[in-house]
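There are 2 protein chains.
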Amino acid sequence: MTASAVPRQTLTRLPVYARVLDDLVRRGVGTASSVELAAAAGVEPAQLRRDLSHLGSYGKRGVGYDVAELRAHVRGALGVGRRRGVVVVGVGNLGRAVASYAGLVPRGFEVVALVDVDPEVVGTTVAGVEVADLAELSRLVVERDVSLAVLTVPGGAAQDALDAVAASGVRSVLSFAPRALSVPDGVALRSVDVAAELQILSYYLPPA
Amino acid sequence: MTASAVPRQTLTRLPVYARVLDDLVRRGVGTASSVELAAAAGVEPAQLRRDLSHLGSYGKRGVGYDVAELRAHVRGALGVGRRRGVVVVGVGNLGRAVASYAGLVPRGFEVVALVDVDPEVVGTTVAGVEVADLAELSRLVVERDVSLAVLTVPGGAAQDALDAVAASGVRSVLSFAPRALSVPDGVALRSVDVAAELQILSYYLPPA
DNA sequence: GTTTGTGAACCGATTCACAGCA
DNA sequence: TGCTGTGAATCGGTTCACAAAC
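These protein sequence lines map, in sequence, to chains L and E.
Take the first sequence: its letters are residues 0 to 207, numbered as in numbering that gives the first Met the number 0.
Take the second sequence: its letters are residues 0 to 207, numbered as in numbering that gives the first Met the number 0.
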């Protein structure tokens with residue numbers, strides 16, 4: 000089962016499974032069935048079994064899954080455990096929040112560079128990292144072994160930021176900008192738009 | 000075409016269309032074809048036409064869509080334009096970033112309440128709003144007409160926060176907590192997990 | 001001629017349901 | 001017996017392709 004054979008939707012659930020398995024390992028649970036794992040992950044058992052089948056055949060019929068073994072395989076598929084250098088582009092409120100977010104370190108993500116274009120911000124230190132000018136991006140990516148970028152820039156600056164990040168050699172980008180972005184070849188982009196999420200939720204509110 | 004007939008996936012694209020239409024109105028464009036709109040939104044023309052067809056039939060064959068009219072219908076479906084009170088639960092770095100996020104106001108979202116459990120934080124003012132104790136939540140929801148909640152609490156506190164928010168009468172919730180949450184009846188929940196997004200992106204990185 | 005709106009075909013993902021293995 | 005892994009059925013959503021409308 001090659002890596003590229005993992006369906007997109009399955010891929011989005013693997014981090015959830017990884018978290019559930021982390022919990023079970025921490026609690027010393029040795030074995031778990033698809034029913035138990037699915038309940039903890041908030042999905043259907045059949046879906047979880049199908050998802051895991053894309054990684055290989057690691058369960059035992061009549062028994063369930065060995066928690067530690069399965070965890071190793073899920074982590075392996077996601078590349079968890081390997082250190083991943085992250086650059087945060089745009090050091091406003093959101094950029095500072097991402098840079099300070101404690102949830103990244105236990106997953107192997109290390110914010111090793113911050114860049115901005117505002118001279119007021121460049122030179123300041125956030126979460127122990129000095130903010131550099133955007134012009135330094137390419138150098139920092141190489142020197143600090145950056146493999147992921149988080150864009151926390153205003154919408155109007157997002158396309159330029161994405162292009163700059165791509166030119167610097169980073170191939171995986173998470174954007175918080177409320178914009179449809181044209182994605183350079185070979186770059187994987189995921190987007191989060193907080194206002195859009197709230198608008199989607201608004202749909203369900205009473206129109207009154 | 001009733002409101003509940005809008006498919007989930009279409010719903011997630013409506014905010015994108017709304018933004019594109021905002022731009023066109025601002026630039027004084029009167030009419031646009033599905034090809035033009037789709038290009039700006041980053042989707043296929045057929046998909047855009049299908050999506051819009053769920054809202055009604057607002058295009059003119061041989062001409063395209065009247066930008067202002069279509070915008071009004073898309074906004075209407077999402078309830079944009081109506082003021083929406085928002086409470087931010089958990090005033091850490093991320094909560095402060097959300098409370099200060101300028102992108103919410105133009106979409107009609109107004110952060111009118113902040114709550115936390117930490118006595119160090121309660122009483123401070125963020126983005127012009129005083130942080131209240133979580134115990135005040137129900138009162139604030141009523142007094143300030145809150146219809147949406149954003150959960151920016153640590154993972155371990157998320158389920159309790161969600162339950163408290165639901166008990167206070169808020170029915171639409173956006174969570175940033177890295178947890179699978181059990182959703183109370185009648186509540187719409189959307190989740191954003193930054194570390195999970197980075198893990199998904201990690202999948203595409205070279206394993207070396 | 002141009003472009004919408006939509007049946008119909010297609011596609012990927014979910015769920016069912018059970019054969020196969022522990 | 002109990003539970004996985006997976007064919008087969010199903011479902012929702014996307015894309016095709018064209019008749020209808022302008």
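Idealized CB from N, CA, C, for every residue including glycine.
Quick caveat: nothing in here was measured; it's all calculated off a predicted structure.
I want to see whether chain L comes within less than 7 Å of Pro44(E), judged by CB atoms only; does it?
Here residue 44(E) corresponds to residue number 45 of the second sequence, with the count starting at 1. Chain L, which has no Cβ nearer than 7 Å to the Cβ of Pro44(E), makes this no.
From Glu196(E), Arg143(E) and Ala187(E), pick the residue whose C-alpha is nearest to that of Leu188(L); which is it?
Here the question's residue 188(L) lines up with position 189 in the first sequence. Nearest C-alpha to Leu188(L): Glu196(E).
Under 7 Å between C-beta atoms, does Ala163(L) make it to chain E?
Locating residue 163(L) in the first sequence gives position 164, counting from the first residue. No, Ala163(L) lies away from the interface with chain E (no Cβ there is under 7 Å from its Cβ).
Can you tell me which residues form a DSSP beta bridge with Tyr64(L)?
Residue numbering aside, residue 64(L) sits at position 65 when the first sequence is read from its first letter. DSSP, once it has assigned bridges, lists Ala31(L) and Gly58(L) as partnering Tyr64(L).
Of the residues that make up the region 87-119 of chain L, which ones have a beta carbon closer than 9 Å to any beta carbon in chain E?
Gly91, Asn92, Leu93, Gly94, Arg95, Ala96, Val97, Ala98, Ser99, Tyr100, Ala101, Gly102, Leu103, Pro105, Arg106, Gly107 and Phe108
Using a Cβ-Cβ cut-off of 7 Å, state whether Arg189(E) counts as contacting chain L.
Within the second sequence, residue 189(E) is the residue found at index 190, counting from 1. Answer yes: the Cβ-Cβ gap between Arg189(E) and chain L drops below 7 Å somewhere.
Does the beta-carbon distance from Val111(E) to Val120(E) come in below 7 Å?
Indexing the second sequence from 1 puts residue 111(E) at position 112. Indexing the second sequence from 1 puts residue 120(E) at position 121. When the beta-carbon positions are compared, Val111(E) and Val120(E) stay at least 7 Å from each other.
Arg18(L) versus chain E: which residues are under 7 Å apart at the beta carbon?
Taking the first sequence and counting its residues from 1, one reaches residue 18(L) at position 19. Ordered by position in chain E, the residues that pass the 7 Å Cβ test against Arg18(L) are Pro177.
Is the CB-CB distance between Arg83(E) and Leu147(E) below 7 Å?
As a first step, residue 83(E) must be located in the second sequence, where it is residue number 84. As a first step, residue 147(E) must be located in the second sequence, where it is residue number 148. Yes; because the gap between Cβ atoms is below 7 Å, this pair is in contact.
Quick one: measure Cβ to Cβ for Leu136(L) and Val116(L), integer angstroms, because I've assumed they're closer than 8 Å.
Against the first sequence, residue 136(L) aligns to sequence position 137. Against the first sequence, residue 116(L) aligns to sequence position 117. About 11 Å separates the two Cβ atoms, so there is no contact after all.
Extent of the continuous alpha helix (DSSP H) run through Gly155(L)
Taking the first sequence and counting its residues from 1, the one referred to as residue 155(L) is at position 156. In this chain, the alpha helix (DSSP H) harbouring Gly155(L) covers Gly154 to Ala166.
Segment limits, alpha helix (DSSP H) that includes Glu43(L)
In the first sequence, residue 43(L) corresponds to position 44, counting from 1. No alpha helix (DSSP H) holds Glu43(L); DSSP gives it neither H nor E.
Do we get a CB-CB distance below 7 Å when we pair Thr1(L) with the residues of chain E?
By 1-based counting over the first sequence, the position of residue 1(L) is 2. In this prediction, Thr1(L) scores a pLDDT of 42, lower than 50, which makes its location untrustworthy; the coordinate-derived value is nonetheless stated afterwards. No, Thr1(L) does not count as interfacial toward chain E.
Whether or not the region 85-104 of chain E and the region 93-100 of chain L are in contact is what I'm after, with contact meaning three or more pairs of Cβ atoms, one per stretch, closer than 8 Å; do they touch?
yes
Using 7 Å as the threshold, is the C-beta distance between Ala179(L) and Gly27(E) below it?
To locate residue 179(L), count along the first sequence from 1; it is residue 180. To locate residue 27(E), count along the second sequence from 1; it is residue 28. No, the pair does not count as a contact, with Cβ atoms beyond the cut-off.
Rounded straight-line distance, which links the Cα of Pro44(L) to that of Ala2(L):
By one-based count along the first sequence, residue 2(L) stands at place 3. By one-based count along the first sequence, residue 44(L) stands at place 45. With a pLDDT of only 41 at Ala2(L), under 50, the local geometry of the prediction cannot be trusted, and the value read off the model is given with reservation. Their backbone Cα atoms lie some 23 Å apart in a straight line.
Could you tell me which residues DSSP pairs with Leu147(L) in its beta bridges?
Position 148 of the first sequence, counted from the start, is the residue given in the question as residue 147(L). Answer is Val85(L) and Ser171(L).
Does the beta carbon of Gly122(L) come closer than 7 Å to any beta carbon on chain E?
Taking the first sequence and counting its residues from 1, the one referred to as residue 122(L) is at position 123. By this cut-off, Gly122(L) is not an interface position.
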